[in-house]
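Visitor: Per the working numbering, residue 1 is the first one in the sequence shown, and the count goes up by one each step.
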Amino acid sequence: MSEYDYEDLGLVAGLEIHQQLDTATKLFCGCPTELREPDDAARTFTRFLHPTKSELGELDDAALEESRVEREFEYLAYDTTCLVEEDDEPPHSLDQEARTVVMQIASLLDMNVVDQAHVMRKLVIDGSNTSGFQRTTLIAQEGEIQTSDGPVSIVDLMLEEESAQRVEERGDDVLFSLDRLGIPLVEIGTGPDISSPEQAREAAQTIGMLLRSTGKVKRGLGTIRQDVNVSIEDGARVEIKGVQALDQIDEIVRFEVGRQAELVEIRDELQSRDASVGDVTDVTDVFADSDSGVIRGALDSGGKVMGVRLAGFDGLVGRELQPDRRLGTEFSDHAKRHGAGGIFHTDELPAYGVTEAEVEALREAVDAGPEDAVAIVADDPETADLAIDAVAERAEVAIEEVPEETRGANDDGTTRYLRPLPGAARMYPETDVLPVDLDPSDVETPELLTEKEERYQDEFGLDAGLAEQVAYGRKMPLFEQAVDEGIDATFAAGLLESTLTELRRDDVTVENLSDDHLLAVMHLVEDGDLAKEGVNDVLSTIAENPALTAEEAVEEAGLSGVSDDEVREAIAEVVERNAEQVEEQGMGAFSALMGEAMGALRGKADGGVVSDVLREEIQKRA
């Protein structure tokens, strides 16, 4: 897709960053924030969710569209699941640890913290919350970050509960897991100050760095999500949800600009053709003897084929908006939203088993001329009716404007239609949680990761590469704890960033190694009870049996310390076995014998000690 002049198009973009906090318990109950495997579920239960009106008697458009598809939601509950998560008990007060972390984030973003936090309900009936709404509260406003292209304002900082995790879709029914539901989540919303794809990416990276600086955010796939709001001057505000990779943000903005620019051109062309959308028509008879697998399958199951004439749309339904996505794909997204598998349209027919004769008969059945297109849906009667109506509605919008909507991010950077943009009617006060007074003066502003990186070099003598790895790594809080407890900084950094990577490459299940395990092993080395050369073996032993203490793992690995006399005796034997080489090469034999000596001691002695003793023994023979 060609590069656009973003200033000329009037690109305006903003971000909503959602980040899970790494707290001990969930936002409104005392359950742990650890994810579980679906197979660990202890029980299941089901819910049917329906939209409710706001305080002013209004229904949110997004919730109303969601409710048109009747769905049963099943939830996996665990031995750690409580009644709050099941919506069978009122929520508890806002978690104190989460409140502290979110005020630290507010400080890093230079925001004004509100005097009192009031919890609100946000209507959500897609099954991702057992109650039918998500609880959220405003924490701070009016912040700012800096980018290469100028400042980006931070409008608001919210603290809310994470949604349940979608496990499986079974037709209209959906299976969710409750392990993720209720994990504290911060939402950071920027102002519409971003004017290029590159600035969007830089802003997201800067906010991500600030969040990680707290040392209290979860890491890994799915723990941070970016929503991107994009519009151009002749287009519309579109919210793109679920962007998980930072390096995808600029591409998504670029593709959305292209999509809207193409839709504007299509709108202008349709208006010049005096385009219109005809009546929905039952065209089942046209395909009574069809060999198309999709159509035949629907008809044999008692379904029907519905069609609609799109006057003046010929050649435009198949026009590409994003890579491998066309206007017809947009129509199909709306049909799928109402349960259909998709649509066929005449810009792509004959194909998929539909013959030229059937296309001609279809055109005749809906009175379509050469400049017209026809879209059809084959499905069960109810779904076909809903889906073709949705296609007709989207086609009518295409004539008038680029629609405001919520879209989902695809893996390739393109997007798909999800639902209309939510409105103010989806928010109303939470009456089960009392307001909480906030005092940011009690909270210490965390050190930025960029500052940590510099300090690790200056204070601990780490090289630039290792300092950056540790500062931005997942084990940064453990590194700081280890150093505070007297562990050598270079050794701690190497263990956390290099040793664990080596073990992972050797298929050691390093996920079984807790922070307590790692810290205990570091202390054994620091206290001289374990040689550095034995660390890999001890950690591998613990990974195989996490119930072992570090001391027990040393015994299990056969790495209990040896006396100085035993070290000298073992090295003397190595030198004796290689006496001829030592006499010929002198200290030139050192490198070869060092490896053999370390092997003989199997990590029981420190390499520095072995090196010193070996030099002495060689010099005796030389």
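Ideal Cβ positions, reconstructed from N, Cα and C, are used throughout, including at glycine.
Taking only runs of the beta strand (DSSP E) that begin and end inside the stretch 193-231, which ones reach a length of at least 3 residues, in chain order?
Guide: 224-231, all fully within the stretch 193-231.
Visitor: Please report the residue range of the beta strand (DSSP E) in which Y417 lies.
Guide: Run containing Y417: T415 to R419, per the beta strand (DSSP E) assignment.
Visitor: Under 8 Å: do the stretch 447-465 and the stretch 181-192 share three or more Cβ pairs, one atom per stretch?
Guide: Taking 8 Å as the limit for Cβ pairs, the verdict is that the stretch 181-192 does not touch the stretch 447-465.
Visitor: So for V101, helix, strand or coil by DSSP?
Guide: Helix.
Visitor: Can you look up R237 in the DSSP assignment and give me helix, strand or coil?
Guide: R237 falls in the coil class under three-state DSSP.
Visitor: Report yes if the CB atom of F255 is closer than 8 Å to the CB atom of Q322, and no otherwise.
Guide: Yes, the Cβ-Cβ distance between F255 and Q322 is below 8 Å.
Visitor: Looking at the structure shown, is I139 part of a helix, part of a strand, or coil, going by DSSP?
Guide: Correct three-state label for I139: strand.
Visitor: Any idea what DSSP makes of I266, helix, strand or coil?
Guide: Of the three classes helix, strand and coil, the one that applies to I266 here is helix, per DSSP.
Visitor: Using 8 Å for Cβ pairs, my map puts F287 next to V308. What's the rounded Cβ distance?
Guide: 15 Å between Cβ atoms; not a contact.
Visitor: Roughly how many angstroms separate the alpha carbons of T406 and N229, rounded to a whole number?
Guide: If you take the alpha carbons of T406 and N229, they lie about 9 Å apart.
Visitor: With distances taken between CB atoms, is the gap from I105 to L157 smaller than 8 Å?
Guide: Taking 8 Å as the Cβ cut-off, I105 and L157 qualify as a contacting pair.
Visitor: Give the straight-line distance between the Cα atoms of Q96 and A24, rounded to the nearest whole angstrom.
Guide: Rounded to whole angstroms, Q96 to A24 spans 10 Å at the Cα level.
Visitor: Considering only residues of the same chain and omitting the five flanking positions on each side of E356, which have a CB-CB separation below 6 Å?
Guide: Hits under 6 Å: P350.
Visitor: Tell me the residue span of the beta strand (DSSP E) that contains G408.
Guide: Taken as a continuous stretch (DSSP letters only), the beta strand (DSSP E) holding G408 covers E405 to A409.
Visitor: Does the beta-carbon of L221 have 16 or more other beta-carbons within 10 angstroms, so that it is buried, or is it exposed?
Guide: Label assigned to L221: exposed.
Visitor: Going by C-alpha to C-alpha distance, which of I183, E34 and A378 sits closest to D285?
Guide: D285 has its Cα closest to that of A378, out of I183, E34 and A378.
Visitor: Does the Cβ of M522 lie closer than 7 Å to at least one heavy atom of the ligand SAM?
Guide: Ligands displayed in this structure: none; no statement on the ligand SAM is therefore possible.
Visitor: Just how far apart, CA to CA, sit I145 and D432?
Guide: For I145 and D432, the distance between alpha carbons rounds to 35 Å.
Visitor: Please classify A579: is it buried, with 16 or more other beta-carbons within 10 angstroms of its beta-carbon, or exposed?
Guide: Classification of A579: exposed, given that the 10 Å Cβ count is below 16.
Visitor: Which residue marks the beginning of the beta strand (DSSP E) containing L175, and which one marks its end?
Guide: Note, L175: beta strand (DSSP E), D173 to S177.
Visitor: So, are the CB atoms of L496 and L478 less than 8 Å apart?
Guide: Yes, the Cβ-Cβ distance between L496 and L478 is below 8 Å.
Visitor: Run through the stretch 351-404 for me and flag every whole beta strand (DSSP E) of 3 or more residues, listed as ranges in chain order.
Guide: Runs of the beta strand (DSSP E) inside the stretch 351-404: 373-379.
Visitor: Which of the three DSSP states is assigned to Q619 in this structure?
Guide: Helix at Q619.
Visitor: For E430, which three-state DSSP category applies?
Guide: In the structure shown, E430 sits in coil (DSSP, three-state: anything other than H, G, I, E or B).
Visitor: Using three-state DSSP, classify M1 as helix, strand or coil.
Guide: For M1, the predicted model reports a pLDDT of 45, less than 50, meaning its position is unreliable; a value from the coordinates is still stated below. The answer is coil: DSSP assigns M1 none of H, G, I, E or B.
Visitor: Is it right to say K475 is buried, meaning 16 or more other beta carbons lie within 10 angstroms of its own, or is it exposed?
Guide: K475 should be labelled buried.
Visitor: Going by C-alpha to C-alpha distance, which of S213, S276, G293 and E544 sits closest to A471?
Guide: Comparing Cα-Cα distances from A471 to each of S213, S276, G293 and E544, the minimum goes to S213.
Visitor: Determine whether the beta carbon atoms of S131 and D87 lie at a separation below 8 Å.
Guide: In this structure, D87 lies closer than 8 Å to S131 by Cβ.
Visitor: Under the DSSP definition of a beta bridge, which residues are partnered with D156?
Guide: Q141 and G189, per the DSSP bridge assignment.
Visitor: Where does Y120 fall in DSSP's three states?
Guide: Per the sequence shown, residue 120 should be read as Met rather than Tyr. Strand.
Visitor: So what's E85 in DSSP terms, helix, strand or just coil?
Guide: In the structure shown, E85 sits in coil (DSSP, three-state: anything other than H, G, I, E or B).
Visitor: Identify the residues that DSSP records as bridge partners of S498: which are they?
Guide: In the DSSP output, where bridge partners are listed per residue, S498 has none listed.
Visitor: Which residue or residues does DSSP assign as beta-bridge partners of A77?
Guide: Note: A77 sits in a beta bridge opposite R43.
Visitor: Select from I343, E401, D367 and G339 the residue whose C-alpha is nearest the C-alpha of T383.
Guide: Comparing Cα positions, the closest option is G339.
Visitor: Whole angstroms is fine: what's the gap from G242's alpha carbon to L327's?
Guide: Spanning the two alpha carbons is a distance of roughly 22 Å.
Visitor: Is the separation between the beta-carbon of A236 and that of L310 shorter than 8 Å?
Guide: Taking 8 Å as the Cβ cut-off, A236 and L310 do not qualify as a contacting pair.
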